[in-house]
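Protein sequences appear in the order of chains A and B. Residue numbers in the first sequence follow numbering that gives the first Met the number 0, run continuously in steps of one, and reach 249 at the last position. Residue numbers in the second sequence follow numbering that gives the first Met the number 0, run continuously in steps of one, and reach 249 at the last position.
Protein chains: 2
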Amino acid sequence: MAAPLLKLAAVNDSDVDARFSPRTIPEQLAEELGADIVAGRRKAGERLIELDLAQTFGVSRGPVREALRILERRRMVDLLPRRGAYVRPLSLKSIADLFNVRLALSLLAAQTMATSPVESYVETLARRCTELNGMVENGDPIAFARVTTRAVRTIAHGSGNELLLELSIDLANQTVWATIWKTPLDYLTQDVRREAADLMAETLEAVRKRDPETAVRSLRVLLENDRDRALAVLTDLRKEAGDLSAISSG
Amino acid sequence: MAAPLLKLAAVNDSDVDARFSPRTIPEQLAEELGADIVAGRRKAGERLIELDLAQTFGVSRGPVREALRILERRRMVDLLPRRGAYVRPLSLKSIADLFNVRLALSLLAAQTMATSPVESYVETLARRCTELNGMVENGDPIAFARVTTRAVRTIAHGSGNELLLELSIDLANQTVWATIWKTPLDYLTQDVRREAADLMAETLEAVRKRDPETAVRSLRVLLENDRDRALAVLTDLRKEAGDLSAISSG
DNA sequence: GATTTGTCAATTGTTGACAATTGACAGGAG
DNA sequence: CTCCTGTCAATTGTCAACAATTGACAAATC
């Protein structure tokens, strides 16, 4: 785990956090440490000692401290005053909880957007739908999942609710940290993609017609299906390998 | 604004954050500064300079820094890297957004709780309902609002969704910071209290009968009414006084 | 006159040292 | 043997000094 000083972590994947690249040192540290955690190089429940981390990353304890706060905010570490930082154990249940909260927020977004749609976001969503349709036949699952995530984020944007958007992005990132990274997406078969693309199109149509009920209903089916399938995969994975990165039994 | 060092801010109101009393210095600072902000002693958009704050509170910049992160997390300040901290302007719209997000989360909680209720939380909720009923006739609005908040929090507990609970508490605190503090609750007339108590009882009944649909429907009416009434009051207030603490026009 | 460049004070970012607290362990009392 | 108590190393909390960046203002250039 000997880390080269200031790796500048070129995590430019716009699905992770496109608001700004992680240019401050604490954010880079949080990025690194977070990656270590999801990759399983830091085990669930493990204590993180500030001085060790500082030496490992070649900085002093100040930035490390701030990085730990960032990771606390992202729910990846528990921070107990005077008693240290610990890698937060991620149970299957807490991942399910995460999906459910995101679902509720996304539905609120859809409802709001369909109540008073803003043209530019509707257009963007339409583009995403087109992309999705194009990926039904020949797209790879990863790209499809990415675009789906983007479409949902577009809806969050379209709600015009800043808080909702902020929370959605945070929670989507947490989901990435928690699951998608290195999780097989084989369940996104062509049939499943077809269904998802259709449901997203349905949502779009409902938004255009200012029909919040339908928009919510369509998106709900889409997201509930995705949630259930993703959780099923994770459950299976956990059954196979007792230790799966940071995912504990709980 | 000459603050006595370490005022130990005995904010023991369990509605604010009962998880643990603010015993670390950064949290006390965040408490103080937050109070200053909602009271209008720090104006919206005002820049907060670390050294000034440190001297004002009689500590060094380290704890001030952490306090600012805490307030950033609570959405009370904007933190721009290398460019300082600013009191976040709270527009009426952002307060409305806050209400809507809380509403969505509370409904998810109700749905989940009604799907698989846990006896102890159902009992607690029943107690809250009894309290509310007792306050219809002679209770004061503030106490009534407090108990309502607690009932909703009980539902969040009852969902068994840790993330949901955490977010709910955070956002409820933000609502307190943003609005309730010093906001007249005259709109909680006896009629309104009667209706609210009834709706809460209806929600409780639905939970007992494992009827998520009804639970969600009842709670939705209750919370939407409350939201609309609170926002109306805030709108009026802003009309009267151009500057109302930290609430800007936006 | 408008735009660019250089300088400077103010402020944030970072560091290393010091203080305070914690949890564990050893020793002694019941 | 169990429980309590005092000591101690490990670790977190805090501080004050130093380094780096920013934004503003002035001077120079076109």
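All residues carry an ideal CB built from backbone N, CA and C; glycine is no exception.
Please check the pair residue i and residue j, which I expect to be a contact at CB under 8 angstroms, by giving their CB distance rounded to whole angstroms.
| i | j | result |
| --- | --- | --- |
| residue 78(A) | residue 56(A) | So it is not a contact: roughly 18 angstroms between Cβ atoms. |
| residue 69(A) | residue 25(A) | 6 angstroms |
| residue 222(A) | residue 202(A) | Going by Cβ atoms, the distance from residue 222(A) to residue 202(A) rounds to 10 angstroms, so no, they are not a contact pair. |
| residue 131(B) | residue 199(B) | 6 angstroms |
| residue 138(B) | residue 86(B) | Actually they do not touch by this definition, with Cβ atoms about 35 angstroms apart. |
| residue 113(A) | residue 209(A) | 6 angstroms |
| residue 121(B) | residue 226(B) | Not really, about 25 angstroms apart at Cβ, beyond 8 angstroms. |
Between the C-alpha atoms of residue i and residue j, what's the straight-line distance to the nearest angstrom?
| i | j | result |
| --- | --- | --- |
| residue 93(B) | residue 230(B) | 11 angstroms |
| residue 172(A) | residue 98(A) | 12 angstroms |
| residue 193(A) | residue 101(A) | 22 angstroms |
| residue 156(B) | residue 22(A) | 38 angstroms |
| residue 228(A) | residue 186(A) | 7 angstroms |
| residue 153(B) | residue 59(A) | 43 angstroms |
| residue 249(B) | residue 115(A) | Only weak support exists for where residue 249(B) lies, its pLDDT of 39 falling under 50; the value from the coordinates is given anyway. C-alpha separation (whole angstroms): 19 angstroms. |
| residue 160(A) | residue 108(A) | 8 angstroms |
| residue 41(B) | residue 88(B) | 11 angstroms |
| residue 224(A) | residue 195(A) | 9 angstroms |
| residue 72(B) | residue 72(A) | 8 angstroms |
| residue 136(A) | residue 189(A) | 7 angstroms |
| residue 134(A) | residue 145(A) | 11 angstroms |
| residue 35(A) | residue 67(B) | 27 angstroms |
| residue 232(A) | residue 238(A) | 10 angstroms |
| residue 165(A) | residue 147(A) | 18 angstroms |
| residue 15(B) | residue 149(B) | Summary for residue 15(B): the model assigns pLDDT 37, below 50, so the residue's position carries little reliability; its value from the coordinates is reported in the next sentence. Answer to the nearest angstrom: the Cα atoms are 10 angstroms apart. |
| residue 211(B) | residue 205(B) | 7 angstroms |
| residue 123(A) | residue 39(B) | 40 angstroms |
| residue 19(B) | residue 169(B) | Any reading at residue 19(B) must be qualified, since the residue scores a pLDDT of 39, below 50, and its modelled position is unreliable; the value itself is stated next. Those two C-alpha atoms are separated by around 13 angstroms. |
| residue 214(A) | residue 106(B) | 18 angstroms |
| residue 104(B) | residue 110(A) | 14 angstroms |
| residue 48(B) | residue 158(A) | 34 angstroms |
| residue 13(A) | residue 174(A) | Residue placement at residue 13(A) cannot be trusted, given a pLDDT of 34 that sits under 50; the coordinates are not used to answer. |
| residue 142(A) | residue 81(A) | 44 angstroms |
| residue 125(B) | residue 191(B) | 20 angstroms |
| residue 236(B) | residue 183(B) | 9 angstroms |
For residue i, count neighbouring Cβ atoms within 10 angstroms of its own Cβ and tell me buried if that reaches 16, exposed if not.
| i | result |
| --- | --- |
| residue 33(B) | buried |
| residue 117(B) | exposed |
| residue 234(A) | exposed |
| residue 65(B) | buried |
| residue 163(A) | buried |
| residue 84(B) | buried |
| residue 62(B) | buried |
| residue 245(B) | Legend: pLDDT at residue 245(B) = 48, less than 50; position of this residue unreliable, value from coordinates given subsequently. Its Cβ being crowded by 16 or more others within 10 Å, residue 245(B) is buried. |
| residue 50(B) | exposed |
| residue 30(A) | buried |
| residue 54(A) | exposed |
| residue 119(A) | exposed |
| residue 46(B) | exposed |
| residue 127(A) | buried |
Going along chain B in order, which residues have a C-beta closer than 9 angstroms to the C-beta of residue i?
| i | result |
| --- | --- |
| residue 119(A) | Those do not exist, as residue 119(A) stays about 18 angstroms from chain B at its closest Cβ, beyond 9 angstroms. |
| residue 205(A) | What residue 205(A) touches in chain B: nothing, since even the nearest Cβ is about 18 angstroms away. |
Could you name the residues of chain A that residue i contacts, counting a contact when the two beta carbons are closer than 8 angstroms?
| i | result |
| --- | --- |
| residue 124(B) | Residues of chain A passing the Cβ test: none, with the nearest at roughly 20 angstroms. |
| residue 93(B) | 161, 162 |
| residue 68(B) | 65, 68 |
| residue 263(B) | Since the displayed chain B opens at 0 and closes at 249, residue 263(B) lies outside it and no answer follows. |
Give the interface partners of residue i over in chain A, defined as CB-CB distance under 7 angstroms, in chain order.
| i | result |
| --- | --- |
| residue 96(B) | 160, 161, 162, 163 |
Quick one: list the residues of chain B neighbouring residue i, beta-carbon separation under 7 angstroms, in chain order.
| i | result |
| --- | --- |
| residue 72(A) | 72 |
Quickly, what does DSSP pair residue i with across the bridge? List them, please.
| i | result |
| --- | --- |
| residue 76(A) | 86(A) |
| residue 149(B) | Its beta-bridge partners do not exist; DSSP assigns none. |
| residue 47(A) | 84(A) |
For residue i, go through chain B and note every residue whose CB falls closer than 8 angstroms to its CB, in chain order.
| i | result |
| --- | --- |
| residue 80(A) | 22, 23 |
Does the distance between the C-beta of residue i and the nearest non-hydrogen atom of the ligand SAM fall short of 6 angstroms?
| i | result |
| --- | --- |
| residue 200(B) | As for the ligand SAM, it is missing from this structure, which has no ligand bound. |
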